[in-house]
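Going by the UniProt record's numbering, the letters in the sequence shown line up with residues 1 to 194, in that order.
Even for Gly, the Cβ is constructed at its ideal location relative to N, Cα and C.
Beneath this line is the structure, given in structure tokens, with notes to follow.
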Amino acid sequence: MRLGLYGLIGSGKTTALNYLSKNYDLEILDLDEISKEIMNEEVVLSFVMANFPTSYNQEKNQIDRNQLRIILFNSLVDNQKFAAFVWPLIETKTKSLLNSIPIDKNVVVEGALLPLFNIPVEYLVEIQTPKPILIKRIMQRDQRESDETKKIAQIQEIWLQDFRGDIILNNDDSLESFYNKLDTLMMNFKVSKL
């Protein structure tokens with residue numbers, strides 16, 4: 001089984017991944033982790049230096065992620081330009097990793113914007129959480145301002161507006177309730193517990 005998991009920032013994707021990886025026999029592919037690797041590749045460093053020079057630290061030869069985040073989440077045009085360059089690299093790397101996993105192994109591919117990628121999964125599971133809960137979670141977790149958090153969620157909503165998960169998991173209650181929903185999902189797909 002190849003299952004895709006996505007949702008807005010703060011919806012509970014990482015919580016779901018951590019729970020699933022500790023309790024079930026499956027492989028995890030996290031697009032955030034894959035993108036962090038891609039961001040250190042020379043081709044991406046050169047692209048950022050040429051297109052977003054204020055977010056490139058020449059002394060350290062690395063991207064200032066905070067500065068890049070500010071640029072990307074304040075300009076949909078810049079966000080789209082960046083995505084057009086970096087997302088194909090992330091997609092290629094993810095497909096390569098997915099193809100290296102035996103077909104009989106259960107895999108969860110997770111990414112906030114996963115439906116925008118052409119990654120072969122059998123089902124897309126969308127984690128939905130009411131916006132006030134999202135904002136509260138992100139402010140607590142990342143120590144971000146409410147306006148920045150709202151802007152990130154707003155841009156993600158724009159990107160995802162034409163997509164609907166095959167399966168919807170509501171994460172608007174307790175952690176225990178969310179874990180029960182994940183257990184039910186895994187049971188329905190006959191994924192073995194560890």
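Element boundaries [alpha helix (DSSP H), containing residue i]
i	result
GLU33	31-39
GLU110	Here GLU110 belongs to no alpha helix (DSSP H); instead the beta strand (DSSP E) covers 107-110.
SER11	Counting along the chain, SER11 falls outside any alpha helix (DSSP H), and DSSP gives it neither H nor E.
VAL191	First-last for VAL191: undefined, no H or E at that position.
ASN61	No alpha helix (DSSP H) contains ASN61, which DSSP labels as neither H nor E.
THR94	76-99
Limits of the unbroken beta strand (DSSP E) element including residue i
i	result
TYR6	2-7
LEU169	167-170
VAL48	Premise fails: VAL48 lies in the alpha helix (DSSP H), 42-51, not in any beta strand (DSSP E).
Own chain residues within Cβ distance below 8 Å of residue i, not counting five before or after
i	result
residue 196	Here the chain covers residues 1 to 194 and nothing more, so residue 196 does not appear.
VAL191	MET1, TYR24, ASP25, LEU26 and ASN106
LYS22	LEU194
Rounded C-alpha distance that separates residue i from residue j
i	j	result
LEU76	SER55	16 Å
TRP159	LEU113	7 Å
GLU42	MET49	10 Å
ILE38	LYS95	14 Å
TYR123	ARG65	32 Å
MET186	LYS81	37 Å
GLN67	GLU126	29 Å
PRO88	GLY4	17 Å
ASN99	VAL108	13 Å
GLN62	LEU97	25 Å
MET178	GLN58	According to the sequence as given, residue 178 is Phe; it is not Met. Using only the alpha carbons, I get a separation of about 44 Å.
6 Å Cβ shell around residue i - same chain, five flanking residues per side excluded
i	result
PHE85	PHE47
LYS151	PHE73
Contacting residues, own chain, Cβ-Cβ under 7 Å from residue i (five flanking each side not counted)
i	result
ASP30	LEU17 and GLU110
PHE163	PRO115
LEU36	First, the amino acid is wrong: residue 36 is Lys here, not Leu. None.
Pick from the options that is closest to residue i, judged by C-alpha positions
i	options	result
ASN170	ARG2, LEU194, LYS13 and PHE52	LYS13
ILE101	ILE28, PHE117 and GLN67	ILE28
ASP104	THR15, PHE189 and TYR6	PHE189
ILE167	ASP173, ILE138, VAL44 and LYS181	LYS181
PHE60	ASP172, VAL108, ASN40 and ILE70	It should be pointed out that residue 60 corresponds to Lys in this sequence rather than to Phe. When only C-alpha atoms are compared, the closest one is ASN40.
ASP172	LEU45, ASP32, VAL121 and GLN128	GLN128
ASP78	ILE138, ILE90, ASN51 and GLN62	ASN51
GLN156	ASP183, LYS131, LEU97 and VAL44	LYS131
GLU91	GLU33, GLU176, ASP183 and GLN161	GLU33
ILE119	ASP142, LEU45 and LYS93	LYS93
The ligand ADP heavy atom lying under 8 Å from the CB of residue i
i	result
TYR123	As for the ligand ADP, it is missing from this structure, which has no ligand bound.
Ranges of the beta strand (DSSP E) found wholly within the segment 116-162, counting only runs of at least 3: 123-128
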